[in-house]
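Colleague:
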Amino acid sequence: MPTLPECQAFFGRLMQGDAAAADDWFEPGCDHWEVYHRSLQGVYAVTLTDIYPVLRAVLGEGAFGRLSQDYGRTCPSLSGDLHDYGGGLAAFVAGLEPLAVLPYLADLARLEWAAHRLFHAADAQAISLDDLAAGDIQPAIHPACMLLHCRWPVQRIWQAHQGGAVPAHEIDLGEGPVVLLLSRPAFVVCVTPLPAPSARLAASLLEGEGLEQACKNLLATDAGVDLGAALFPLLDAGALTAGGACAGA
Amino acid sequence: MQYGYQQGPDPIPARAGVGLRHVHFSDWLAQRPATGWLEAHSENYFGEGGRPLAVLDDLRRDYPLSLHGVGLGLGSNTPLDRAHLDRLKRLCTRYQPALVSEHLCWNRLPGVHFNELLPLPYTSESLRHVVGRIGRLQDHLGRRVLIENLSAYVQWAGAEMPEWDFLNEVAACSGCGILLDLNNIHVNACNQGFDPADYLAAITPGYVGEYHLAGYEELDGLLLDTHGAAVSGAVWGLYRQALCRIGPRPTLIEWDSGIPALEVLLAEATKAEGEVRAHAA
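If you read the sequences in order, they're chains A and B.
Positions 879 to 1127 (the numbering used here) are the ones given, in order, by the first sequence.
Positions 802 to 1082 (the numbering used here) are the ones given, in order, by the second sequence.
(1) Along chain B, which residues have their Cβ under 7 Å away from the Cβ of residue 866 of chain A?
(2) Tell me, please, whether the segment 884 to 901 of chain A touches the segment 998 to 1006 of chain B by the rule of three or more beta-carbon pairs shorter than 8 Å.
(3) Enumerated in chain order, which unbroken segments of the beta strand (DSSP E) with a length of 3 residues or greater are wholly contained in the segment 852 to 897 of chain B?
(4) Touch check for the segment 1070 to 1081 of chain A and the segment 985 to 1000 of chain A: three-plus C-beta pairs under 8 Å?
(5) Quick check: the segment 897 to 911 of chain B against the segment 947 to 954 of chain B, are at least 3 beta-carbon pairs closer than 8 Å?
(6) Using a Cβ cut-off of 8 Å, pull out every chain B residue sitting near residue 1030 of chain A, in sequence order please.
(7) Does the Cβ of residue 880 of chain B have 16 or more other Cβ atoms within 10 Å, making it buried, or fewer, making it exposed?
(8) Would residue 1052 of chain B and residue 1014 of chain B be called neighbours here (beta carbons separated by less than 8 Å)?
(9) Given a threshold of 16 other Cβ atoms within 10 Å of its Cβ, counted over all protein chains shown, does residue 867 of chain B qualify as buried or as exposed?
(10) Once DSSP output is grouped into helix, strand and coil, what is the label at residue 909 of chain B?
(11) Show which residues of chain A have a CB atom less than 7 Å away from the CB atom of residue 749 of chain B.
(12) Name the DSSP beta bridge partners of residue 957 of chain B, please?
(13) As a quick exercise: from A/946, A/1117, A/1091, A/959, pick the residue whose alpha carbon is nearest that of residue 1024 of chain A.
(14) Unbroken alpha helix (DSSP H) runs of length 4 or more, entirely within the segment 1013 to 1071 of chain B: which are they?
(15) Taking Cβ positions only, does residue 803 of chain B come closer than 8 Å to chain A?
(16) Expressed to the nearest angstrom, what Euclidean distance is found between the alpha-carbon atoms of residue 846 of chain B and residue 1029 of chain A?
(17) Whole angstroms are fine: how far does the CA of residue 974 of chain B sit from the CA of residue 882 of chain A?
(18) Can you grab the Cα-Cα spacing for the pair residue 1026 of chain A / residue 1072 of chain B, in whole Å?
(19) Please confirm whether residue 913 of chain A has its beta-carbon closer than 8 Å to some beta-carbon of chain B.
(20) Might you give, ordered along the chain, the residues of its own chain that have their beta carbon closer than 7 Å to the beta carbon of residue 1132 of chain A, omitting 5 neighbours on each side?
(21) Short of 9 Å Cβ to Cβ, which residues in the segment 853 to 878 of chain B face chain A?
(22) In angstroms with no decimal places, state the Cα-to-Cα distance between residue 984 of chain B and residue 926 of chain B.
(23) Closer than 6 Å by C-beta to residue 1080 of chain B: which residues in its own chain qualify, once you throw out the five before and the five after it? Chain order, please.
(24) With distance defined between alpha-carbon atoms, name the residue in B/1062, B/1059, B/1055, B/1074 nearest to residue 819 of chain B.
(25) Less than 8 Å between CB atoms is the rule here; does residue 924 of chain B satisfy it with respect to chain A?
(26) Helix, strand or coil: which one does DSSP assign to residue 946 of chain A?
(27) Do residue 899 of chain B and residue 834 of chain B have their C-beta atoms closer together than 8 Å?
(28) Is there a Cβ from chain B that is less than 8 Å from the Cβ of residue 961 of chain A?
(29) Select from the segment 992 to 1008 of chain A all residues with a C-beta closer than 7 Å to any C-beta belonging to chain B, and list them in chain order.
(30) I need the straight-line Cα distance from residue 877 of chain B to residue 1061 of chain B, nearest angstrom please.
(31) If we cut at 8 Å on Cβ distances, does residue 839 of chain B have a partner in chain A?
(32) Applying the criterion that 16 or more other CB atoms from any shown protein chain within 10 Å of the CB defines a buried residue, is residue 1119 of chain A buried or exposed?
(33) To be precise: take each residue of the segment 908 to 933 of chain B, compare its Cβ to all Cβ atoms of chain A, and keep it if any distance is under 8 Å. Which residues remain?
(34) Short of 8 Å Cβ to Cβ, which residues in the segment 1019 to 1032 of chain B face chain A?
(35) Given a cut-off of 8 Å on the beta-carbon distance, is the pair residue 1039 of chain B and residue 1010 of chain B in contact?
(36) Can you list, in chain order, the residues of the segment 1056 to 1067 of chain A whose Cβ is nearer than 8 Å to any Cβ on chain D?
Right under this line is the structure:
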């Protein structure tokens, strides 16, 4: 009888397509290891479909299915929690020669992965302009918040697939790079393209700076910047919370 | 240290409960159906926040809870995933579940997870290995867990004991309880050719802390535990046998693929409760 580690290593080879003869390892008539192989491909396909619905819509069901199979073969799962599976899809897509005709797909995948992570990120109460005006708080970046630098304005595609006003086929991706703010003030992820000063302010906040220091950093790079105009998109997106020593006051 | 099977402020009665699935979140919140308890897949609530945790926070106020893990892979020949254990412990602290369960399976090799419930060879070596792991899990959580029998599509050659003896030994040596999945027993009995009555007769009743009921599908003569159909007549029959042989326990209706309306699951739970009442009469 092989040892437990030997049995598991053998089964691993079967699951990874290195199918050695299985006859000696299993009882006759109860050697349906391919059920697991097939099931696992299905599990990974469903997982990626849940995380990347827009990428799937753009590619079509057949191409997305092939992509998920290729990805599963190349990038194994590293966690017992399937919510961690699929984070490398953007890099994988970027390296696929046949998809080079759709160069924005990797950015779209990065956007959907970021939205997936934010969906499960920590909760906090977002603050409004009125909260800020009332003082007595030390604003900090909301924990369910991140910045994404994209070569392509993929938020237009993403928003079209969230029931946005612009149909997907009318989207113009020619406007160049964007910085996207992803925020989740309640349970729904919002995607907001940011003007450059707002993006620099958000970057400072995400590095852990308080609002006052983040504003000083922004003024140091652009003395004439309108701080209120830079701050407003962040407040509007629910990207700030009452942090620091006065939290909960 | 010995712990009771159930822990926390809301013990789960020997009634039927339903698996909480995200497609039913709004229905649960709006309808608050009168079911005995809920079971949630632990990993679906491993996040830091967001809607899943908010929904479970809300429902936990009205329902006793069981947390059922699908991803720990206790029998893997790799170190136990400490981050996974920590996330499970955080969840237990937050929700104070009456029951916590995992599977008698492995799922991991160095550098790769197979997100499946893979069967162990039933040998004394496997027994020592998995008993040690369950002990570490119970020590980490500070509580007893239930361990569930699988549907298995391979049977390792050279087994030293049948599954029912292995399961009893796991419980006897680790102090864990048994989550007895009756559909899995039926599926394995048909695929492997044993009598499910022998399985039920062999299981030590005092170890059993919960039952699972689910549906299977058939493909090319093989029964597949898809959790994608109603509980079969044969499995209801097995449930009646278990009620007589082992006794009433918290009983879960599971449905994970092609999930129907919540009412369908609740009707299955009502049927299970009817079986318990008929048994008591």
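From the three backbone atoms N, C-alpha and C, an ideal C-beta is built for every residue, glycine too.
Modeller: Considering the structure as presented:
(1) No answer is possible for residue 866 of chain A: the residues shown for chain A start at 879 and end at 1127.
(2) no
(3) Restricting attention to beta strand (DSSP E) runs no shorter than 3 residues, the segment 852 to 897 of chain B encloses them at 866 to 869, ordered along the chain.
(4) no
(5) yes
(6) The residue given as residue 1030 of chain A occupies position 152 in the first sequence. Per Cβ cutoff of 8 Å: no residues; residue 1030 of chain A is ~27 Å from chain B at best.
(7) For the purposes of this step, residue 880 of chain B is identified with residue 79 of the second sequence, where counting begins at 1. When all chains shown are included, residue 880 of chain B counts as exposed.
(8) Taking the second sequence and counting its residues from 1, one reaches residue 1052 of chain B at position 251. Taking the second sequence and counting its residues from 1, one reaches residue 1014 of chain B at position 213. Yes; because the gap between Cβ atoms is below 8 Å, this pair is in contact.
(9) Residue 867 of chain B sits at position 66 when you count from the first residue of the second sequence. Buried.
(10) On the second sequence, residue 909 of chain B is found 108 positions in, with the first residue counted as 1. Reduced to three states, the DSSP call for residue 909 of chain B is strand.
(11) Residue 749 of chain B is absent from the model: chain B starts at 802 and stops at 1082.
(12) Position 156 of the second sequence, counted from the first residue, corresponds to residue 957 of chain B. Residue 957 of chain B is bridged to A/904.
(13) Indexing the first sequence from 1 puts residue 1024 of chain A at position 146. Checking every option, the nearest Cα to that of residue 1024 of chain A belongs to A/1117.
(14) Entirely contained in the segment 1013 to 1071 of chain B, the alpha helix (DSSP H) runs reaching 4 residues are, in chain order, 1034 to 1046.
(15) Start at 1 with the first residue of the second sequence, and residue 803 of chain B comes out as number 2. The pLDDT assigned to residue 803 of chain B is 48, lower than 50, so where the model puts this residue is not dependable, and the model offers no usable value.
(16) What you label residue 846 of chain B is simply residue 45 of the second sequence in a count that begins at 1. What you label residue 1029 of chain A is simply residue 151 of the first sequence in a count that begins at 1. Rounded to whole angstroms, residue 846 of chain B to residue 1029 of chain A spans 34 Å at the Cα level.
(17) The residue given as residue 882 of chain A occupies position 4 in the first sequence. The residue given as residue 974 of chain B occupies position 173 in the second sequence. The straight-line gap from Cα to Cα measures roughly 19 Å.
(18) Within the first sequence, numbered from 1, the residue matching residue 1026 of chain A stands at position 148. Within the second sequence, numbered from 1, the residue matching residue 1072 of chain B stands at position 271. If I take the Cα positions, the gap works out to 51 Å.
(19) Along the first sequence, one-based indexing puts residue 913 of chain A at 35. It does; some Cβ of chain B falls within 8 Å.
(20) Outside the displayed span of chain A (879 to 1127) sits residue 1132 of chain A, for which this structure offers no information.
(21) 853, 854, 855, 870, 871, 872, 873, 874, 876, 877, 878
(22) For this step, residue 984 of chain B is matched to residue 183 along the second sequence. For this step, residue 926 of chain B is matched to residue 125 along the second sequence. If you take the alpha carbons of residue 984 of chain B and residue 926 of chain B, they lie about 27 Å apart.
(23) Here residue 1080 of chain B refers to the residue found at position 279 when the second sequence is read from its first residue. Its chain contains 1044 as the residues whose beta carbon lies nearer than 6 Å to that of residue 1080 of chain B, once the 5 sequence neighbours on both sides are disregarded; these appear in chain order.
(24) In the second sequence, the residue the question calls residue 819 of chain B occupies position 18. Checked all of B/1062, B/1059, B/1055, B/1074; the closest Cα to residue 819 of chain B is B/1055.
(25) As a first step, residue 924 of chain B must be located in the second sequence, where it is residue number 123. Taking Cβ atoms only, chain A reaches closer than 8 Å to residue 924 of chain B, which makes this a yes.
(26) Counting from one through the first sequence, the residue named residue 946 of chain A turns up at place 68. It is helical.
(27) To locate residue 899 of chain B, count along the second sequence from 1; it is residue 98. To locate residue 834 of chain B, count along the second sequence from 1; it is residue 33. Against a cut-off of 8 Å, the Cβ pair of residue 834 of chain B and residue 899 of chain B comes out as no contact.
(28) Your numbering for residue 961 of chain A matches position 83 in the first sequence. Taking Cβ atoms only, chain B reaches closer than 8 Å to residue 961 of chain A, which makes this a yes.
(29) 997, 998, 999, 1000, 1001
(30) Here the question's residue 877 of chain B lines up with position 76 in the second sequence. Here the question's residue 1061 of chain B lines up with position 260 in the second sequence. If you take the alpha carbons of residue 877 of chain B and residue 1061 of chain B, they lie about 34 Å apart.
(31) One-based indexing of the second sequence puts residue 839 of chain B at position 38. Chain A, which has no Cβ nearer than 8 Å to the Cβ of residue 839 of chain B, makes this no.
(32) In the first sequence, the residue the question calls residue 1119 of chain A occupies position 241. Its Cβ being crowded by 16 or more others within 10 Å, residue 1119 of chain A is buried.
(33) Hits within the stretch, in order: 908, 909, 910, 912, 913, 914, 915, 916, 917, 919, 921, 922, 924, 926, 927, 930.
(34) 1023, 1025
(35) Within the second sequence, the letter at position 238 stands for residue 1039 of chain B. Within the second sequence, the letter at position 209 stands for residue 1010 of chain B. Cβ distance not < 8 Å, so residue 1039 of chain B and residue 1010 of chain B don't count as in contact.
(36) In the structure shown, chain D does not exist; the protein chains are A and B.
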